[in-house]
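Please read the structure below before turning to the comments.
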Amino acid sequence: MQRETVKEFRNKRHEALSYIQEQTDHRPDYLIILGTGLGHLADKIEVKDAISYADIPHFPVSTVESHAGQLLFGKLSGKNVVAMQGRFHYYEGYSMQQIAFPVRVIKALSAEMLIVSNACGGMNTNYQRGDIMLIKDHINMLGDNPLIGPNDEELGPRFPDMSEPYTESLQNLAEEVALKNEIKMHKGVYLALSGPTMETKAEYRFLRMIGADVVGMSTVPEVISAVHMGMDVLGISVITDECFPDALEPIDIEKVLKAAGMAEPKMSKVIMGVLEQL
Ligand code: HPA
């Protein structure tokens, strides 16, 4: 595989950045990535500018129908945010570099913090469909990493520290907000696999055994690239299906989306509450 040079990749980011800077004078402090079925938080944003992914040079375009595919610039809880409505998954065929690309461009624009959400399968038997979970750590089993290839020292170090990918002070704040609003929120470990197949029973057993509470097909690439650049990260998962190997039911995507819709208000409340206090 022919890898892009640091310079080529920098030029691409620069072209995307220049285009965004021409389209909006909004300079968000926070980047919010909305997961499958979790796009409604976008409705709470006082949107000032919207830019379609398809119009931004070198931006990947989302292929999953439930994702809208645009950047929304505006105010949420009085803070300057940009939301990615629609995200990119490894199983769609994007490279890790492509998935990291928007995060890198938005950081170059102005954002210093990433708030990331996802739909996932709960393997911890204390978790129920429709619950939310604060991500305290992750396990990368995608079999790939967005930082593979020549390192751009302008972005971050060759060997980024991963001892605290999810900023502890933000976790504490999110827990305070959940408590104050009487929202039940678990705290656990998110494990990422490439998908698009759901897991076998044997795989769920294995993943649970190695310390994961939930499993999904996203988030980790974006978080790794954010941590590489020194961004703070807050991650929240929505449990859309119960992955208990001894009582496993076939996955029903309609049910997954319904559960995401059900849990979304809780997640939104936590994110908005955190933003309010920042
Ligand atoms: N596995 C992987 N990804 C998922 C799941 C799951 O069970 N549910 C929602 N996303």
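Mapping the sequence shown onto full-length UniProt numbering, position 222 (from 1) lands on 222, and the numbers just tick up by one. Using N, Cα and C, we set each Cβ at its ideal position, and we do this for glycine too.
Asked: Which residues mark the beginning and the end of the beta strand (DSSP E) in which Tyr190 is found?; Found: Met185 to Leu193
Asked: Looking at ligand 1, does it come within less than 8 Å of Met198, judged from the CB to the closest heavy atom?; Found: yes
Asked: How far does the alpha helix (DSSP H) with Ser268 in it extend, from its first residue to its last?; Found: Ile253 to Gln277
Asked: May I ask you to report which of helix, strand or coil DSSP gives Met96?; Found: helix
Asked: Ligand 1 and Gly195: does the residue's C-beta get closer than 8 Å to at least one heavy atom of that ligand?; Found: yes
Asked: Compare the Cα-Cα distances from Met231 to each of Ala202, Leu109 and Glu199 and report the closest residue.; Found: Leu109
Asked: How would you write the range of the alpha helix (DSSP H) that Ser169 sits in, first residue to last?; Found: Glu168 to Lys180
Asked: Which of helix, strand or coil does DSSP assign to Glu222?; Found: helix
Asked: Run through DSSP, which three-state label would Asn140 get?; Found: strand
Asked: Determine the closest residue to Ala111 out of Gly37, Asp246 and Asn80, with distance taken between C-alpha atoms.; Found: Asn80
Asked: Quick one: Cα of Ala226 to Cα of Gly156, how far?; Found: 10 Å
Asked: Can you tell me whether Met162 is helix, strand or coil according to DSSP?; Found: coil
Asked: Find the nearest neighbour of residue 286 within the set Glu164, Pro60, Gln85 and Met229, judged by alpha-carbon distance.; Found: Shown here, the chain extends from 1 to 278; a query on residue 286 therefore has no answer.
Asked: Should the segment 131 to 144 be called in touch with the segment 209 to 227, which here means at least 3 C-beta pairs below 8 Å?; Found: yes
Asked: For Ile251, verify whether its CB is less than 8 Å away from any heavy atom of ligand 1.; Found: yes
Asked: Quick check on the DSSP output: the beta strand (DSSP E) that includes Leu31 runs from which residue to which?; Found: Tyr30 to Leu34
Asked: Going by DSSP, which residues form a beta bridge with Lys79?; Found: Leu76
Asked: For Ala119, is the beta carbon positioned less than 8 Å from some heavy atom of ligand 1?; Found: yes
Asked: State the beta-bridge partners of Gly149 as determined by DSSP.; Found: Answer by DSSP bridge pairing: none, since Gly149 is not bridged.
Asked: Spell out a yes or no on whether the segment 178 to 186 and the segment 242 to 252 are touching, meaning 3 or more CB-CB pairs, one atom from each, closer than 8 Å.; Found: no
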